[in-house]
Structure formats: C-alpha cells, structure tokens
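Worksheet: the structure to be examined is printed underneath.
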Ligand SMILES: [Zn+2]
Ligand SMILES: [Zn+2]
Ligand SMILES: [Zn+2]
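In the numbering used here, the protein residues as written are 248 to 520.
See the structure below:
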C-alpha cells in the first residue's frame with residue numbers, strides 16, 4: 248500500500264490565512280504547506296483507494312498530489328477540519344462508502360456515523376457504514392480497525408490499516424491527547440508507520456489558558472486537553488514500538504526554527520509499505 252500525507256496541518260493550516268508569523272512566512276519561502284488533515288491510501292494490488300478524513304482542502308490536495316480518487320473513506324470525528332471536505336465529492340464521485348464509528352457520543356446524542364449520514368443526506372454518492380470500534384472491517388482490500396482516543400468533549404477515533412498480504416501496518420492516532428486507553432494502545436502497537444497528532448511543542452503549554460496535562464519528568468505530553476505535544480507524540484511512538492513516527496496535525500505556532508525539523512511531516516510525503 249502507498250500512503251500519501253495529503254494534509255498534515257491543524258484546523259487553520261500552515262500558512263494560516265492572513266498570518267505573517269515567521270513560521271507561515273518560512274513555509275511560503277520553502278514552498279511547503281500543512282493543509283487540513285487527510286491521508287490517502289492506495290492498495291496497488293486492487294487499484295482501490297481509501298481516504299482517512301475528508302479535508303476542507305480536498306480539491307487542492309487531489310490536484311497537487313495527483314492521487315486516485317477514493318473508493319471509500321473513514322471519518323475519525325466530526326470536527327470541521329476532518330469532515331467538512333466530504334461535500335467535495337458532489338459530481339466527482341458516483342459512489343463513496345464512508346466508515347465511521349457507531350457509538351453514541353453523549354455530547355451530541357449521535358454517533359459519528361449518524362452525524363455524517365445526517366449532514367450529507369443530500370449526497371447520493373455517500374453511503375455510511377456504521378462501524379464498531381475494535382472490530383476489524385475489510386475496506387479496499389485492507390483491514391481497518393477503529394479505536395477510541397481522547398479528544399474532549401467529542402468522541403474521536405484513531406485507526407489501524409493493515410495490508411493482509413504484505414503485513415504492512417499503518418497506525419493513525421486521530422486527534423487525541425496522550426491519555427489513550429491501554430486497550431486502544433494495544434491495537435495501535437507495532438506499526439511500520441505511526442501518524443501522531445503533535446500539534447505544538449511542549450514549551451507552548453505555557454501559552455495555553457489551562458496549560459499542559461499528562462506530565463512525564465516535568466514535560467507535558469498533552470497540550471490543553473485535546474491534543475498531544477510534540478514530546479507526547481514522540482513518546483507514544485516509542486511506547487508503541489513504531490518503526491517510524493511522523494507528527495501530523497501540526498500548528499503554525501511551532502517557532503520557525505522548530506517547525507520544519509524532524510519528525511514533523513509536511514504535505515505530499517509518501518510511504519510504501
Ligand atoms: Zn502563522
Ligand atoms: Zn478535532
Ligand atoms: Zn483536527
């Protein structure tokens with residue numbers, strides 16, 4: 248399977264519209280982008296493609312990276328930057344199978360699957376498949392397993408994608424703080440590639456109204472309550488035994504001299520597994 252990182256940014260992306268901070272300026276100079284989150288997976292055996300999250304930048308991402316249009320999609324949660332690109336399939340696709348969790352979110356009274364079905368009821372192409380976390384489903388010839396993560400106040404899901412032929416494994420944390428359950432960690436463990444939410448470096452917790460959480464040796468692994476810090480994401484990668492970890496959902500708040508260092512991803516990176 249070929250993995251293309253279509254969108255590696257947080258909800259405003261980098262460069263952020265109207266922002267002239269050093270990081271956004273540096274991104275423009277380097278000609279790199281971190282658009283809103285999305286990952287493209289191509290099963291080269293079957294010729295099918297799976298999209299993880301529907302970025303509002305869907306159109307420009309597909310034009311830029313020239314990847315095939317998706318046959319199916321997974322939606323991790325209902326925030327704008329992961330869901331609102333789904334409307335882009337109008338008149339582009341005749342059929343899109345959308346997989347999303349079937350558990351009711353106490354916050355909305357609906358599951359992610361139900362919210363997707365309600366919001367996009369007008370799109371004939373979209374067929375929603377409510378999916379039970381921890382139960383593996385086969386999509387595009389790949390094995391997909393959703394796992395609950397922690398992104399209060401909404402439910403959110405990470406996932407694993409395994410190639411049953413090559414044994415290649417991709418784990419994606421979804422938007423999450425560091426406090427992921429033991430059971431979810433067990434499913435996410437030992438990937439060839441981990442894509443981990445690392446929204447800002449730990450030192451920026453000083454700027455968050457409620458600071459950091461999940462301190463380890465004085466370093467916060469969670470920024471506020473919703474996302475991991477760079478340090479938290481790297482620690483999770485080590486703990487899960489990831490062969491390789493790339494940080495995604497990266498914000499323009501990283502200082503310019505840290506924003507383009509390893510292991511922070513930028514759009515368009517591709518991995519074969
Ligand atoms: Zn900026
Ligand atoms: Zn989110
Ligand atoms: Zn997000």
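Where a beta carbon is used, it is the ideal one built from N, C-alpha and C, also for glycine.
From a predicted model like this one, the values you see are computed outputs, not experimental measurements.
In this structure, the straight-line span from the alpha carbon of residue 419 to that of residue 518 is close to 14 angstroms.
Summarising the contact set, residues whose Cβ lies nearer than 7 angstroms to any heavy atom of ligand 3 are, in chain order, 257, 258, 284, 326, 328, 329, 422 and 496.
Closest option to residue 297, judged by alpha-carbon separation, among 486, 254 and 248: 248.
Checking the 6 angstroms criterion, the Cβ of residue 270 is within range of a heavy atom belonging to ligand 1. Inter-residue distance for residue 425 and residue 375 is about 29 angstroms (C-alpha atoms, whole angstroms).
Pairing residue 429 with residue 446 gives a Cβ-Cβ distance that is not under 7 angstroms.
Within the stretch 336-406, complete beta strand (DSSP E) segments of at least 3 residues are found at 343-348, 373-378, 384-386 and 389-398, given in chain order.
Taking the CA atoms as reference points, residue 346 sits about 28 angstroms from residue 479.
Collapsing the DSSP output to three states places residue 470 in a strand. Between residue 316 and residue 327 a beta carbon distance of about 22 angstroms is seen, past the 8 angstroms cut, so the two are scored as non-contacting. The alpha-carbon of residue 334 is positioned some 23 angstroms away from that of residue 350. For residue 398, the Cβ stays outside the 6 angstroms cut-off from all heavy atoms of ligand 1. Note: residue 298 is bridge-paired with 287 and 320 in the DSSP secondary-structure output.
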